[in-house]
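Chemist: Just so we're aligned: the sequence shown equals residues 1 to 207 in the working numbering.
Here a beta-carbon is modelled for each residue, glycine too, at the ideal position from N, C-alpha and C.
Owing to the predicted nature of the structure, the values given are computational and were not obtained by experimental measurement.
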Amino acid sequence: MPRSPIHSHRLGIALLDGEKFEYDKALVPEPPTIHLSQDIDRLCKEWESSNLLCVGGRGIPVKHWGEFYKRGKGVKNTAWDALRVEWGNWKFIVEERQRYPDTASFWCAFSDGNGKRFSYQQILNCIADQRISAAARDANDARTFFGGDLDNPLAEGAFRYTKGGKSYLSSKDDAVAKKWRELLATRPDISSGSSSRVLPAAQPSSQ
Numbered sequence: 001m002p003r004s005p006i007h008s009h010r011l012g013i014a015l016l017d018g019e020k021f022e023y024d025k026a027l028v029p030e031p032p033t034i035h036l037s038q039d040i041d042r043l044c045k046e047w048e049s050s051n052l053l054c055v056g057g058r059g060i061p062v063k064h065w066g067e068f069y070k071r072g073k074g075v076k077n078t079a080w081d082a083l084r085v086e087w088g089n090w091k092f093i094v095e096e097r098q099r100y101p102d103t104a105s106f107w108c109a110f111s112d113g114n115g116k117r118f119s120y121q122q123i124l125n126c127i128a129d130q131r132i133s134a135a136a137r138d139a140n141d142a143r144t145f146f147g148g149d150l151d152n153p154l155a156e157g158a159f160r161y162t163k164g165g166k167s168y169l170s171s172k173d174d175a176v177a178k179k180w181r182e183l184l185a186t187r188p189d190i191s192s193g194s195s196s197r198v199l200p201a202a203q204p205s206s207q
């Protein structure tokens, strides 16, 4: 049976894995009140395929809930405000789980010496600590490669950002690490020599 046309002022469009999904904003229900933090394995499944939220007769994976509730979507923004932080933590954990080949490998990494699984908060803390360490390591690699000068011409301004119309050089480890990873992924001339090539440190000019 064909769907009834949706009036333009009530028409919403969500992007679901590259597919444009049209829906009636007036018929979007409140976000589910379930706390998936109590079951990590279920969270990882519901993230990709779920019927906890149904819009227009279609089950919406948890990863796409923001498409219907975030500000600018025009649907129950206050409801998303209450869910946003928790959803962000779910995303944090699912992305970490996806780095492992299977569930067993993930839990092996997030269990204590007796095989007891870490709690939800312990997992979040571990992931945060790991990312801080990884950012520090990658930022150090970038600084070492460019001889301590992230404004080196070879970087082509990759570590610069603009704020208030002014250009600044990134200094925080997480920002430097992010740009460094982008360079390694997009600049073969840098990635091919990142393990062996170190540019000389910039020397102060003599007056």
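Decide if ARG42 is buried, meaning its Cβ has at least 16 other Cβ atoms within 10 Å, or exposed.
Modeler: Along the sequence shown, read from residue 1 onward, the residue named residue 42 stands at position 42. Under this definition ARG42 is an exposed residue.
Chemist: Ordered along the chain, which non-local residues of its own chain (more than five positions away) have a Cβ less than 8 Å from that of LYS179?
Modeler: Position 179 of the sequence shown, counted from the start, is the residue given in the question as residue 179. Cβ within range, chain order: ALA142, ALA158, PHE159 and SER170.
Chemist: My output table needs one value for ARG117: the three-state DSSP class, helix, strand or coil.
Modeler: Within the sequence shown, residue 117 is the residue found at index 117, counting from 1. In this structure, ARG117 counts as strand in the three-state DSSP scheme.
Chemist: Considering only the alpha carbon of each residue, which of PRO5, ALA79 and ASN89 lies closest to GLN38?
Modeler: Translated into positions along the sequence shown, residue 38 becomes position 38. Among PRO5, ALA79 and ASN89, the Cα nearest to that of GLN38 belongs to ASN89.
Chemist: In this structure, how does DSSP classify LEU11 when only helix, strand and coil are distinguished?
Modeler: As a working mapping, residue 11 is identified with position 11 in the sequence shown. If DSSP states are grouped into helix, strand and coil, LEU11 belongs with the strands.
Chemist: State the CB to CB distance for the pair PRO32 and LEU53, rounded to an integer number of angstroms; the pair is presumed to be in contact (CB under 8 Å).
Modeler: As a working note, residue 32 is residue 32 in the sequence shown. As a working note, residue 53 is residue 53 in the sequence shown. Contact flag correct, Cβ pair sits at about 6 Å.
Chemist: Which same chain residues, not among the five before or five after HIS24, have their C-beta less than 6 Å away from its C-beta?
Modeler: By one-based count along the sequence shown, residue 24 stands at place 24. As written in the sequence, residue 24 is Asp, which differs from the His given in the question. The residues are ILE6 and ARG10.
Chemist: Run through DSSP, which three-state label would LEU53 get?
Modeler: Residue 53 sits at position 53 when you count from the first residue of the sequence shown. Note: LEU53 maps to coil in three-state DSSP.
Chemist: Within the chosen definition, does the stretch 53–66 reach the stretch 97–114 through at least 3 CB pairs nearer than 8 Å?
Modeler: Flag = no, the stretch 53–66 and the stretch 97–114 do not touch.
Chemist: To the nearest angstrom, how far is the alpha carbon of PHE106 from that of GLU95?
Modeler: The residue you call residue 106 lines up with position 106 of the sequence shown. The residue you call residue 95 lines up with position 95 of the sequence shown. Straight-line Cα distance between these residues: approximately 11 Å.
Chemist: Could you spell out where the alpha helix (DSSP H) holding LYS178 opens and where it closes?
Modeler: By 1-based counting over the sequence shown, the position of residue 178 is 178. Here the alpha helix (DSSP H) through LYS178 covers 173–186.
Chemist: Which word fits ILE132, buried or exposed, when buried means at least 16 other C-beta atoms lie within 10 angstroms of its C-beta?
Modeler: Taking the sequence shown and counting its residues from 1, one reaches residue 132 at position 132. Answer is exposed; the Cβ neighbour count stays below 16.
Chemist: Mapping the DSSP letters down to three states, classify TYR100 as helix, strand or coil.
Modeler: The residue given as residue 100 occupies position 100 in the sequence shown. In the structure shown, TYR100 sits in coil (DSSP, three-state: anything other than H, G, I, E or B).
Chemist: May I ask you to report which of helix, strand or coil DSSP gives ASP24?
Modeler: Sequence index remark: in the sequence shown, residue 24 carries index 24 (1-based). In this structure, ASP24 counts as strand in the three-state DSSP scheme.
Chemist: Should SER205 be labelled buried (16 or more other beta-carbon atoms within 10 Å of its own) or exposed?
Modeler: Locating residue 205 in the sequence shown gives position 205, where the first residue counts as 1. Residue placement at SER205 is poorly supported in this model, since its pLDDT is 45, which falls under 50; the coordinates still yield a value, given next. Exposed, since its Cβ has fewer than 16 Cβ neighbours within 10 Å.
Chemist: Evaluate VAL62 with the Cβ neighbour count: other Cβ atoms within 10 Å of its Cβ, from every protein chain shown; 16 or more gives buried, anything less gives exposed.
Modeler: In the sequence shown, the residue the question calls residue 62 occupies position 62. The residue is buried, with at least 16 neighbouring Cβ atoms inside 10 Å.
Chemist: Mind checking who SER167 pairs with in its DSSP beta bridge?
Modeler: In the sequence shown, residue 167 corresponds to position 167, counting from 1. THR162.
Chemist: How about ALA14 and GLU67: do their beta carbons lie closer than 8 Å?
Modeler: Mapped onto the sequence shown, residue 14 falls at position 14. Mapped onto the sequence shown, residue 67 falls at position 67. Result yes, Cβ atoms of ALA14 and GLU67 sit closer than 8 Å.
Chemist: Kindly identify the DSSP beta-bridge partner or partners of GLU48.
Modeler: In the sequence shown, counting from the first residue as 1, residue 48 sits at position 48. The partner list for GLU48 (beta bridge, DSSP) is empty, contrary to what the question assumes.
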